[in-house]
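Inspection log for the structure reproduced underneath, given as structure tokens.
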Amino acid sequence: MTEQRIGKYRLDRVLGRGAMGVVYRAVDTTIDRVVALKTVRAELLQGEDYGSWLERFHREACAAARCHHPNIVTIFEFGEADDTHFISMEFVDGVQLSDYLFYRPRIDVAAGAVIVEQVLAALAFAHERGIVHRDIKPENIMLLEDGGVKVTDFGVARLDSTSLTQQGEMIGTPSYMAPEQFSGGSVDNRTDLFAVGVVLFELVTGTRPFQARGLPDLMHAVISGPQPDPTRHKAGLPPGLVAVIRQALARAPEERFATAADFAAALRRALETAALQPAAPTGLQFDDDVLARTERHLAAYVGPLARVLVRQAAMVPGSRVQLYDRLAPHIADEQDRHAFRRKALEPPAEGDPGQPPRRGGHRRIARRRPRAGAAMVPAASRADMAGGTTMDGAVLDKAAIDQAVRDLTEYLGPLARITVRRTAATADSIEALYRSLSEEIPDARQRAAFLKRLPAA
């Protein structure tokens, strides 16, 4: 198998893709350290915009490197190797908040506040050092298995000491942008707080505050539309929380919270007034085997979020049945919820260590049930995979495998061919191949788009 490398870094798999480039799970082979390696998209380094994109990428490293904080992803190195510019950063074993919301669009108020308070702690630290993130959104918020939160991607951060960002330039993600970003006005820390207000609104209501069919309509809604009302989407929200959200989403920056610390303090008071402050965690209440089996069972329905959800639920004492009952509401389908609850009563299978399936050190989503009528093809051996021939001489459709490589390349880049060949060695059908390959795509929406390309049986 050909090893993919960028300088001293060995690339293991794609973690995500963004406007600027691709993020890989990689290993710094000089010190055997697992890192997240962010690279610049090659097409951005061509033509007249080469200098501005490269300076913007370098600014991300400078901004984040100044922020050593438990809620901010740590930057290790900015460099260039093999004609590729990269940032080496802390590898975070968690899930994006965007993936969390994809599987569970709305979470309880107290849990949402825990997430937002940690984001605000990260921003307070950055703002004190003259750094405005300018692209706060669920994709840039990572949830850790212990309930912690880390903010990442300072790719569009503005340093007070630089003039790289000119007034009038619109940078950010539209659904989370403040009015001044759309209008090209002055940007400061209150711009970040507006984005946090959008995230908080989305967490507690299950929808974004500004709804529009396209960018012009969205700009109009943010700049001159009516003030969004979270109670229209979720009844019974504490009045104090509603007031906090409205202030965070104030159109005029001077009407918002002055600092992230002020925002966090107001949110905390609102929850305390409503008696919604969550109890402090007291540690996991179940042994590792129970947690691992529970995670494996839940992953069949919610994918990689299972680990985070199980660890959170396990903070509350109770029986194994009660643990499964607490987790069942995360599963959308009622029949699946009943099936999941029954798993709590099953004894461990012989030889089952309770560990969820893994490949290359990463958790995998449990394979879905085969589609009715799916073509079943004998599994291929690794030795014969290059020609698409199985051990017993049967052929796993080479044309379909080549198509899978082309389909996956859009999401994994140069790692696609290696990934397909490795996965096809144990796949027993084209559907199984696509299901397993989808697990290598970190973004939930991109996984769904990839699965739509599954060839008809």
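In this note's numbering, the protein residues as written are -7 to 449. Note that the Cβ used here is the ideal one computed from N, Cα and C, for glycine as well.
G228 classed as buried or exposed, judged by whether at least 16 other C-beta atoms fall within 10 angstroms: Your numbering for residue 228 matches position 236 in the sequence shown. Burial call: exposed.
Alpha-carbon to alpha-carbon, P130 and D91: Against the sequence shown, residue 91 aligns to sequence position 99. Against the sequence shown, residue 130 aligns to sequence position 138. Whole-angstrom Cα-Cα distance: 8 angstroms.
Status (buried if at least 16 other CB within 10 Å, exposed otherwise) for A267: For this step, residue 267 is matched to residue 275 along the sequence shown. Its Cβ having fewer than 16 others within 10 Å, A267 is exposed.
Beta-bridge pairing of V141 - partner residues as DSSP gives them: To locate residue 141, count along the sequence shown from 1; it is residue 149. BP columns for V141 point to L135.
Chain-order list of residues whose beta-carbon lies under 8 angstroms from that of F117 (same chain, five-residue window excluded): Position 125 of the sequence shown, counting from 1, holds the residue named residue 117. Cβ within range, chain order: C59, H61, N63, I64.
A396 beta carbon less than 8 angstroms from that of L425: The residue you call residue 425 lines up with position 433 of the sequence shown. The residue you call residue 396 lines up with position 404 of the sequence shown. Against a cut-off of 8 angstroms, the Cβ pair of A396 and L425 comes out as a contact.
Cα-Cα separation, Q88 to E246: Here residue 88 corresponds to residue number 96 of the sequence shown, with the count starting at 1. Here residue 246 corresponds to residue number 254 of the sequence shown, with the count starting at 1. Each residue's Cα considered, the two are about 31 angstroms apart.
Rounded separation between G43 and A324 - CA only: Reading the sequence shown from its first residue, position 51 is the one you call residue 43. Reading the sequence shown from its first residue, position 332 is the one you call residue 324. Looking at the two C-alpha atoms, the distance is approximately 48 angstroms.
At least 3 beta-carbon pairs within less than 8 angstroms: the segment 106 to 120 vs the segment 204 to 223: no
Buried versus exposed, by CB contacts within 10 Å (16 or more), K142: Along the sequence shown, read from residue 1 onward, the residue named residue 142 stands at position 150. K142 should be labelled buried.
Whole-angstrom C-beta distance between T31 and T66, which should lie under 8 angstroms: As a first step, residue 66 must be located in the sequence shown, where it is residue number 74. As a first step, residue 31 must be located in the sequence shown, where it is residue number 39. Contact doesn't hold; Cβ gap of about 18 angstroms is too wide.
Local Cβ density within 10 Å of E72, reported as buried at 16 or more and exposed below that: The residue you call residue 72 lines up with position 80 of the sequence shown. It counts as exposed.
The segment 257 to 265 contacting the segment 278 to 290, beta-carbon criterion three pairs below 8 angstroms: no
Spatially closest choice to E423 from E402, A436, Y403, I393, by CA coordinates: As a first step, residue 423 must be located in the sequence shown, where it is residue number 431. For the residues E402, A436, Y403, I393, the minimum Cα distance to E423 belongs to I393.
When A242, R205, I107, S178 are compared against V196, the one with the closest alpha-carbon: As a working mapping, residue 196 is identified with position 204 in the sequence shown. Checked all of A242, R205, I107, S178; the closest Cα to V196 is I107.
Start and end residues, beta strand (DSSP E) containing Y16: Taking the sequence shown and counting its residues from 1, one reaches residue 16 at position 24. Taken as a continuous stretch (DSSP letters only), the beta strand (DSSP E) holding Y16 covers 14 to 20.
C-alpha distance - A419 paired with R427, whole-angstrom precision: Locating residue 419 in the sequence shown gives position 427, where the first residue counts as 1. Locating residue 427 in the sequence shown gives position 435, where the first residue counts as 1. The alpha-carbon atoms of A419 and R427 are separated by roughly 9 angstroms.
E82 - partner residues in DSSP beta bridges: Walking along the sequence shown from the start, residue 82 turns up at place 90. Answer is V27.
CA-to-CA distance, G122 to D152, given in whole angstroms: As a first step, residue 152 must be located in the sequence shown, where it is residue number 160. As a first step, residue 122 must be located in the sequence shown, where it is residue number 130. With a pLDDT of 46 at D152, under the threshold of 50, the modelled position of this residue cannot be trusted; read the value that follows with caution. Distance between the alpha carbons of D152 and G122: 6 angstroms.
For Q88: DSSP bridge partner residues: Locating residue 88 in the sequence shown gives position 96, where the first residue counts as 1. Note: Q88 sits in a beta bridge opposite M134.
Coil, strand or helix - F68 by DSSP: Within the sequence shown, the letter at position 76 stands for residue 68. DSSP places F68 in strand when its eight states are reduced to three.
Contact set for A199: own chain, Cβ-Cβ below 7 angstroms, skip 5 residues either direction: On the sequence shown, residue 199 is found 207 positions in, with the first residue counted as 1. Strictly speaking, residue 199 in this sequence is Thr, with Ala absent from that position. Within the same chain, T199 has close Cβ partners H225.
Assigned exposure category for R17 - 16 Cβ within 10 Å defines buried: Indexing the sequence shown from 1 puts residue 17 at position 25. R17 is buried by the Cβ-count criterion.
Buried or exposed (CB count within 10 angstroms, at least 16 for buried), D24: Sequence index remark: in the sequence shown, residue 24 carries index 32 (1-based). Burial call: exposed.
Opening and closing residue of the beta strand (DSSP E) in which D74 lies: For the purposes of this step, residue 74 is taken as the residue at position 82 of the sequence shown. Note, D74: premise wrong, no beta strand (DSSP E); not H, not E.
DSSP state of L3 mapped onto helix, strand, coil: Start at 1 with the first residue of the sequence shown, and residue 3 comes out as number 11. Reduced to three states, the DSSP call for L3 is strand.
Residues sharing a beta bridge with G8, DSSP: The residue labelled residue 8 in the question sits at position 16 within the sequence shown. DSSP, once it has assigned bridges, lists V15 as partnering G8.
Own chain, CB closer than 8 angstroms to L301, minus 5 neighbours either side, in chain order: As a position in the sequence shown, residue 301 is number 309, starting the count at 1. The residues are L290, V294, L319, H322.
Neighbourhood of R333 by C-beta distance below 6 angstroms, restricted to the same chain and skipping five residues each side: Against the sequence shown, residue 333 aligns to sequence position 341. Answer for R333: Y316, A320, listed in chain order.
Nearest to V124 (by Cα), restricted to the options T415, D4, T183: Here residue 124 refers to the residue found at position 132 when the sequence shown is read from its first residue. For V124, the nearest C-alpha among the options comes from T183.
Status (buried if at least 16 other CB within 10 Å, exposed otherwise) for G176: Numbered from its first residue, the sequence shown carries residue 176 at position 184. That one is exposed.
Residue(s) in a DSSP beta bridge with P(-2): Indexing the sequence shown from 1 puts residue -2 at position 6. Here residue -2 is Ile; the residue named in the question, Pro, does not match the sequence. Note: I(-2) is bridge-paired with Y1 in the DSSP secondary-structure output.
Where V26 falls, given that 16 or more other Cβ within 10 Å makes a residue buried: Within the sequence shown, the letter at position 34 stands for residue 26. Around the CB of V26, fewer than 16 other CB atoms lie within 10 Å, so the residue is classed as exposed.
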